[in-house]
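Take a look at the structure below.
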Amino acid sequence: MGTPATCYLNGELMALGSARISPLDRGFLFGDGVYEVIPCYGGVPFRLDAHLRRLANSLAAIELPDPLSPAGWPEVLEQVCQANGGGDQSLYVQVTRGCPEQRTHEFPARSEPTVFVMSSPLPAAGAFADGLSTTLLEDLRWARCDIKAVALLPNVLLRQAAVAAGADEAILHRDGWVTEGAASTVFIVRGGELATPALHPGLLPGVTREVILELAEHHGLPCQCRPVARDELHEADEVWLSSATKEVAPVLTIDGHPVGHGTPGPVFEAMRGWFTRLRQETARGR
Ligand SMILES: Cc1ncc(COP(=O)(O)O)c(C=O)c1O
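According to the working numbering, the stretch in the sequence shown is residues 58 to 343, in order.
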């Protein structure tokens, strides 16, 4: 048996197995909370500023005051990372509107937020580089998917529908336009040019998306953030998915039909190399 995982709950480090939250917690009752997933490479949180900025935006969007000072988050995350052995891991952060005495839909007059951080294993670099299968599904989620809300039932149902169809991930579309994956950002490559849906409230501003856009710019890969039509997926030479835990992964099939040649494409291989180098530099603390 490995060392028991250590988590942070409301100001204290403790064994994950002994952490307790009230059934009155509004995260449990309403999904009234937000979260982040932050990869750590070699014990160094990757793109911490961007993750903390998105957390602050999510908290502001649900009118929940930030329970920790801006300097407080890095310290707590460092504690949890070190308590779990440093190295590569994924930190999960959740803040909910706490546990008032009664269940009422409106915000409680008084309630301390619940702050929870845990560590999970991070897939190895390139773990998804062999490729993913996908299925196209209609995006049936709410209109504020830019908030990283813990209320993920639609995402759960969409991912499950993909898995039930024999696929790894769902690619979502609404009114003929690609939004994102059930838990990932979508990119297409056509004629050597990269494109990803422009940001709007119907999709999450992925931190990995930002990294890929920066790497593309840095290495002179033409790239556009613009509306991407669902039909473009079928004409693309390459389709990729990205997320904090998947990094960047090539899509080999959509509903059983091969994307391009049905193998990871050359533009993906270039991006994968750039990303892996960045991951290694982060782990070395650069
Ligand atoms: C719905 C959704 N879109 C996009 C992403 C990618 O975001 P990030 O790159 O910050 O992990 C995620 C990550 O979990 C997600 O859940």
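Every residue, glycine too, gets a C-beta built ideally from N, C-alpha and C.
Extent of the continuous alpha helix (DSSP H) to which residue i belongs
i: E295; result: Here E295 belongs to no alpha helix (DSSP H); instead the beta strand (DSSP E) covers 295–300.
i: H318; result: Looking at the DSSP string, H318 is not in any alpha helix (DSSP H), and its letter there is neither H nor E.
i: H230; result: No alpha helix (DSSP H) holds H230; the beta strand (DSSP E) holding it covers 226–231.
i: C138; result: 129–140
Residues sharing a beta bridge with residue i, DSSP
i: R247; result: E250
i: W234; result: R231, A286
i: I95; result: L148
i: A306; result: L298
Residue of the options minimising C-alpha distance to residue i
i: A219; options: H230, R167, S190; result: S190
i: A107; options: G100, I95, G322, L210; result: I95
i: P157; options: R167, G223, L134; result: R167
i: D82; options: Q139, N67, S75, G330; result: N67
i: A76; options: T171, P323, D203; result: T171
i: F103; options: C138, L210, Y65; result: C138
Residue i vs residue j beta-carbon contact at 7 Å
i: T63; j: N141; result: yes
i: L134; j: D123; result: no
i: P258; j: R201; result: yes
i: K205; j: Y98; result: no
i: R160; j: D196; result: no
i: L179; j: D225; result: no
i: S300; j: T339; result: no
i: E237; j: L260; result: yes
Where residue i falls, given that 16 or more other Cβ within 10 Å makes a residue buried
i: R154; result: buried
i: E69; result: exposed
i: W297; result: buried
i: Q337; result: exposed
i: R341; result: exposed
i: D187; result: exposed
i: A72; result: exposed
i: M58; result: Confidence at M58 is low in this model, with a pLDDT of 45, below 50, so the placement of that residue is unreliable and no value is reported for it.
i: A240; result: buried
Run of the beta strand (DSSP E) containing residue i, from where it starts to where it stops
i: C282; result: 280–282
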